[in-house]
Amino acid sequence: MSVHTWVLLRGLTRESGHWGDFPARLLRALRVQQPEARLELLDLPGNGDQHRQSSPTHVDAMMEACRAELRRRGVPPPYQVLAMSLGAMVASEWAARHPGELDGIVLINTSLRPFSAFFRRLRPSNYWSLLLLSLTRLSLRRREAKVLQMTTRLQRQPDQVIDDWVSIQRKHPVRRRNALRQLLAAARYRASLAKPEPPMLLLCSQGDSLVDWRCSQAISRAWGAPLRLHRHAGHDLPLDDGEWVARNVVDWLHVREVVGQITTPMPL
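So for the sequence shown, my numbering puts the first residue at 376; every next one is plus one.
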């Protein structure tokens with residue numbers, strides 16, 4: 376029975392600890408379809424375990440750092456990648472540059488040039504807030520509370536989430552310089568017009584106040600990838616409704632398996 380390695384990537388200034396309990400939820404769901412599924416949680420340079428590194432200002436360099444880290448861990452391809460926001464840009468670049476390494480990618484609440492205008496890729500109402508979060512010396516708790524307000528809609532225990540995030544930032548502080556470098560990488564990234572070879576699923580939230588959900592719709596139309604829309608969640612969809620994300624990923628895998636069985640030629 377083959378091992379299915381899933382690589383999880385977070386977004387701007389976020390690390391693997393910000394997934395919360397989502398990885399456990401995802402793994403339980405995956406093992407219904409892929410009993411040998413395993414997860415590899417990676418941090419982009421400048422975040423998490425890599426917080427002392429300088430963040431690249433180009434998405435392709437972030438992608439190469441992820442590949443190098445998997446080699447260092449001794450985890451061979453192929454991989455399936457689930458990524459959100461900036462991490463989803465990294466996954467898109469990975470699929471374009473090294474398609475043979477990926478069996479599939481799931482992109483959550485991302486936006487890509489040239490498929491969407493800048494004012495949709497990052498809602499104008501959040502420009503000032505993001506700049507303040509990057510440059511000012513707000514207390515950790517105020518900063519994380521502001522991020523939670525901007526990125527979630529369905530939190531029942533916000534204080535607990537903020538406590539967890541404050542602990543993460545104290546352990547792995549993200550330098551302001553790295554936050555700006557990551558924002559620059561996201562702003563300048565331009566995806567290929569050609570559809571990537573690996574199978575792709577797009578998940579997005581209509582309640583996302585950071586990135587317009589129509590950015591995912593534009594990618595879906597340009598690349599012919601299936602799109603699933605959550606009506607109420609915010610930008611951090613796995614945190615707002617991790618069960619919904621996991622269920623849609625498994626449903627997508629099931630459809631791919633059924634279609635593969637139908638299209639496989641019968642032996643003579």
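Don't be surprised by glycine CBs; every beta carbon is placed ideally from N, CA and C.
Residue i Cβ short of 7 angstroms to the ligand PLP heavy atom set
i	result
methionine 438	As far as ligands go, the structure on display features none, and thus does not contain the ligand PLP.
Residue i - DSSP class collapsed to helix/strand/coil
i	result
valine 541	helix
glutamine 455	strand
alanine 608	coil
valine 586	coil
aspartate 626	helix
methionine 641	Because the pLDDT at methionine 641 is just 49, under 50, the model does not fix this residue reliably, and the value given afterwards should be weighed accordingly. If DSSP states are grouped into helix, strand and coil, methionine 641 belongs with coil.
leucine 558	helix
arginine 389	coil
glutamate 646	Residue coverage of the chain in this structure runs from 376 to 643, which leaves residue 646 outside it and unanswerable.
arginine 447	helix
serine 567	coil
glycine 331	Lying before the first or after the last residue shown, residue 331 is absent from the chain, which here runs from 376 to 643.
arginine 531	coil
Rounded separation between residue i and residue j - CA only
i	j	result
leucine 558	valine 450	29 angstroms
glutamine 425	methionine 437	12 angstroms
isoleucine 594	alanine 520	31 angstroms
phenylalanine 490	histidine 605	21 angstroms
arginine 448	leucine 401	21 angstroms
serine 584	glycine 609	7 angstroms
asparagine 553	proline 420	9 angstroms
asparagine 422	histidine 547	7 angstroms
Environment of residue i [buried if 16+ CB atoms lie within 10 Å]
i	result
histidine 379	buried
serine 460	buried
glycine 599	exposed
leucine 568	exposed
arginine 522	Note that residue 522 is valine in the sequence shown here, rather than arginine. So valine 522 counts as buried.
arginine 496	Because arginine 496 sits at a pLDDT of 49, beneath the cut-off of 50, its placement in the model cannot be relied upon, and the following sentence gives the value as read from the coordinates. So arginine 496 counts as buried.
The alpha helix (DSSP H) enclosing residue i, as first and last residue numbers
i	result
threonine 526	515 to 526
leucine 401	397 to 408
serine 467	461 to 472
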